[in-house]
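Right, one structure below, let's go through it.
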Amino acid sequence: MDYVIFVYGLAFFLLGAACLSMRARAFLQLPWGWLAAFAFSHGSAEWLDLAALGFGRNQTLSAIKIVLIIASFVFLFQFALAGLAQRRTQRVLGYAVLGVALSLVAVAASTGGLTLLEISARWLLGLPGGLLAAVAIDRTRASSQAGSGPWLVVLAAFTMLYAVLTGAIAPTADFFPVQVLNDQHFLQLTGVPVQVFRAFAAVVMAIALWIASEAVRNKAEEKPSRYTLGGLTEALTRQSYNQIAIRGNHQADALAQIVDTGMQRLQQAAQLLTVNSAIIEIASNPQGARLPIVNLVLDQATVALQLEVAYLLDTSGNVIASSNRNAPDSFVGRNYAFRPYFQAAVKGSGANYLALGVTSGIFGHYASAPVRDLEGQVRLVAVLKSRLPSLASVAKQATDCMLLSPLGVVIDACDQRLNLRSLWPLSTEDVKALIDSRQFGPGPFRPLLGVRPKADQILLWRGRQAMYVNAPLSLEGWSVALLMPLREARTYRLFGIGTTLILSLLAIFAYVLLHGHEVYERRLGSLMEQLRDQSQIDPLTQLPNRGWFHENFERELRKSQRLGNPLALGNLEKLCLRRADHALTAL
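Count the sequence shown with our numbering and you get residues 2 to 588, in order.
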């Protein structure tokens, strides 16, 4: 929207500059100064939205914007009245209507606040003022210069369109007709904000008036500067996006390294547990009396490694020993044969697994390792469960971070409210597979985004734009994902737009200044020609006087001296007789 608002405001400044040039050139029967005042004040009001994008909306900015909008509508109304009302009674009636409209707007402001003030100003001032202005512009076609008439029709048509878009499509409120005609319903109906259509209408109005002012104008020389100014903003934006992507990938890689290191250490601890003599002995002789010693080993491992729990399973998946054996939610006697970490270990290879505990309800990292008897056969499975290091505690600069499963389920997010939701929509088959696996509970895994994001993609996150970056974990399919805010990019973008704005205003000012100087020089030359004629022609007889004779005599004398020829007085006689003949013919 920042580009739309910028183009929207810039179009009105161009329209205002065109109106100033129209005052000096043609169509003098219309008061183009009032339309210029409307354009400059309305463009300034729209550009206040750019300030709101950078600094946030507040009552002061909103109040200033509404005051500028009301002032611009008054100027537009005045333009229409001055262009249409030729008689004094018509002007008095028009000003009376304007006074009544302003009074109603003031009443609305006192009863409904800023929102009702803006709505009433659009309906009572902007809509009728714009429609009347379109009629006034259309009426001036008869006296327009050749080639400008069609463009005045375009200007009138889009002025009428703009009047409807800016007057009738107002902010939403709970009374008729605003309940039906408002910007929210317009967005639902068209899928495009009304500001885009207003900006388009304003751009066409500015272009039509420029072409009408110039009759036929070649703008080829302006293209490089226009593209250069637009490229400045895009270059700054791309640079800031690149910096955010680099910084985000560094942070994601660092977080992934922390998680991977924790999983590797837990896996190593599980493998060390399998070589404990008491555990090997109970694997070789499950009926032996070594269970109390094994429980003690599991207790020591839990305390030393700060685990959630440590336990042993037999080859059927039943827990035979656990460090939480005395807790109400003891694992002893429970069966976890459905867990992938058990299925991998019972086949002879250790495994890492991230899941929500079906008994404890606590998310954690499971590391499993096979326990072999003296003959090398897998008899037991040792499992250690640990909580992962909280991403919120280590991701100091990333406000939106999360672990993502292969299917996009969010785990251990910096914002805990996002846990156990999917980042993107899942198919019915995927949801059923997740529920059947019991890895993340019963669901429903509501999506946070509409589509699956790509690396370094810009997307809408919680009402603001953010960049999606991720880094894979050593555990297949898992990754650390970050959603980097684009505050820095908005600053760069606003700087580029501000620079473009200033340069554009300077270009407009330079054009108006040069154009005014050109008109001044042309008028001065015409005036000097008139003064020269008046000094050399007798006002009564319209015949050359002594001043004319002396000027022509000196010119002929200089010519003869330069060429070395005799002075040709006969030429003076011919010129004098010719001027006399013209004067007598005119009489």
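We treat Cβ as the ideally placed atom computed from N, Cα and C, and that holds for glycine. Predicted model only: the values in this text are computed from it and were never measured.
If you compare alpha carbons, which of the options is closest to residue i?
{"i": "Leu381", "options": "Val276, Leu31, Arg563 and Trp211", "result": "Val276"}
{"i": "Val154", "options": "Ala134, Ala383 and Ala171", "result": "Ala134"}
{"i": "Thr116", "options": "Val75, Leu125 and Ala64", "result": "Ala64"}
{"i": "Phe201", "options": "Asp330, Val432, Ile509 and Leu11", "result": "Leu11"}
{"i": "Leu292", "options": "Ser350, Leu392, Ala171 and Leu313", "result": "Leu313"}
{"i": "Gly349", "options": "Ser285, Ile509, Asp261 and Ala383", "result": "Ala383"}
{"i": "Asp50", "options": "Ala19, Ile283 and Val5", "result": "Val5"}
{"i": "Met206", "options": "Gln301, Arg524, Gly362 and Met161", "result": "Met161"}
{"i": "Asp330", "options": "Ala346, Gly362 and Gln301", "result": "Gly362"}
{"i": "Gln344", "options": "Arg326, Arg239, Asp315 and Val410", "result": "Asp315"}
{"i": "Arg287", "options": "Gln265, Ala322 and Gln301", "result": "Per the sequence shown, the amino acid found at residue 287 is Pro instead of Arg. For Pro287, the nearest C-alpha among the options comes from Ala322."}
Taking 8 Å as the limit between beta carbons, can you name the residues of its chain near residue i, skipping five residues before and five after?
{"i": "Ser406", "result": "Leu355, Ile412, Gln440, Phe441, Gly478 and Trp479"}
{"i": "Arg335", "result": "Asn319, Val320 and Thr360"}
{"i": "Leu506", "result": "Phe14"}
{"i": "Gln185", "result": "Thr173"}
{"i": "Ser387", "result": "Gly263, Leu267, Leu306, Gln307, Leu308, Glu309, Gly365, His366 and Ala368"}
{"i": "Ile294", "result": "Ala279"}
{"i": "Asp139", "result": "Leu153, Val154 and Ala157"}
{"i": "Ile281", "result": "Thr275, Val372, Arg373, Asp374 and Leu375"}
{"i": "Gln378", "result": "none"}
{"i": "Ala284", "result": "Val372, Arg373, Asp374, Arg380 and Leu381"}
{"i": "Pro454", "result": "Leu424, Trp425, Leu460 and Tyr469"}
Quick check on residue i: buried or exposed, where buried means 16 or more other Cβ atoms within 10 Å of its Cβ?
{"i": "Arg418", "result": "exposed"}
{"i": "Thr167", "result": "buried"}
{"i": "Arg340", "result": "buried"}
{"i": "Ser104", "result": "exposed"}
{"i": "Val181", "result": "exposed"}
{"i": "Asn296", "result": "buried"}
{"i": "Arg559", "result": "exposed"}
{"i": "Ala370", "result": "buried"}
{"i": "Leu564", "result": "exposed"}
{"i": "Ser317", "result": "exposed"}
{"i": "Met529", "result": "exposed"}
{"i": "Val179", "result": "buried"}
{"i": "Phe510", "result": "exposed"}
{"i": "Ser214", "result": "buried"}
{"i": "Ala257", "result": "buried"}
{"i": "Val452", "result": "exposed"}
{"i": "Leu427", "result": "buried"}
{"i": "Tyr228", "result": "Low confidence applies here, because Tyr228 scores a pLDDT of 44, under 50, leaving its location unreliable and the question unanswered by this model."}
{"i": "Gly409", "result": "buried"}
{"i": "Asn183", "result": "buried"}
Answer yes or no: do residue i and residue j have a C-beta to C-beta separation smaller than 9 Å?
{"i": "Phe78", "j": "Gly130", "result": "yes"}
{"i": "Ile259", "j": "Pro473", "result": "no"}
{"i": "Gly113", "j": "Ser121", "result": "yes"}
{"i": "Ala279", "j": "Val298", "result": "yes"}
{"i": "Ile436", "j": "Tyr242", "result": "no"}
{"i": "Phe80", "j": "Pro32", "result": "yes"}
{"i": "Asp401", "j": "Leu487", "result": "no"}
{"i": "Val481", "j": "Ala253", "result": "yes"}
{"i": "Arg248", "j": "Met485", "result": "yes"}
{"i": "Arg422", "j": "Arg447", "result": "yes"}
{"i": "Leu69", "j": "Ala46", "result": "yes"}
{"i": "Leu190", "j": "Val165", "result": "no"}
For my contact list, residue i and residue j are in at a C-beta cut-off of 8 Å; report their separation, rounded to the angstrom.
{"i": "Ala352", "j": "Tyr342", "result": "4 Å"}
{"i": "Ile67", "j": "Leu125", "result": "Contact flag wrong, Cβ pair sits at about 14 Å."}
{"i": "Leu156", "j": "Ala102", "result": "Their Cβ separation, rounded to whole angstroms, is 24 Å, which puts Leu156 and Ala102 out of contact at 8 Å."}
{"i": "Ala83", "j": "Trp35", "result": "6 Å"}
{"i": "Ala271", "j": "Leu357", "result": "In fact, because the Cβ distance is near 20 Å, the residues do not count as touching under 8 Å."}
{"i": "Val1", "j": "Ile71", "result": "This structure cannot speak to residue 1, because the chain is shown only from 2 to 588."}
{"i": "Ala137", "j": "Tyr163", "result": "At roughly 14 Å, the Cβ-Cβ gap does not stay under 8 Å, so Ala137 and Tyr163 are not in contact."}
{"i": "Leu450", "j": "Leu424", "result": "6 Å"}
With hydrogens ignored, establish whether the beta-carbon of residue i is closer than 8 Å to any heavy atom of the ligand ATP.
{"i": "Ile138", "result": "The ligand content of the structure shown is nil, which means the ligand ATP is not present either."}
Who are the Cβ neighbours of residue i in its own chain at under 7 Å, not counting the five residues just before and after it?
{"i": "Arg218", "result": "Unreliable placement is indicated for Arg218, whose pLDDT of 44 sits below 50; the coordinate value is still reported in the next sentence. Contacts found: Trp211 and Ile212."}
{"i": "Phe187", "result": "Ile170 and Val195"}
{"i": "Ala246", "result": "Asp457, Met468 and Val470"}
{"i": "Asp261", "result": "Leu474 and Ser475"}
{"i": "Tyr9", "result": "Glu47, Gln196, Arg199, Ala200 and Ala203"}
{"i": "Asp300", "result": "Ser324"}
Given residue i, which residues of its chain have a CB within under 6 Å of its CB, disregarding the five upstream and five downstream residues?
{"i": "Gly17", "result": "Ala37, Ala40 and Phe41"}
{"i": "Thr303", "result": "Ala311 and Ser324"}
{"i": "Leu99", "result": "Phe78"}
{"i": "Asn250", "result": "Val470"}
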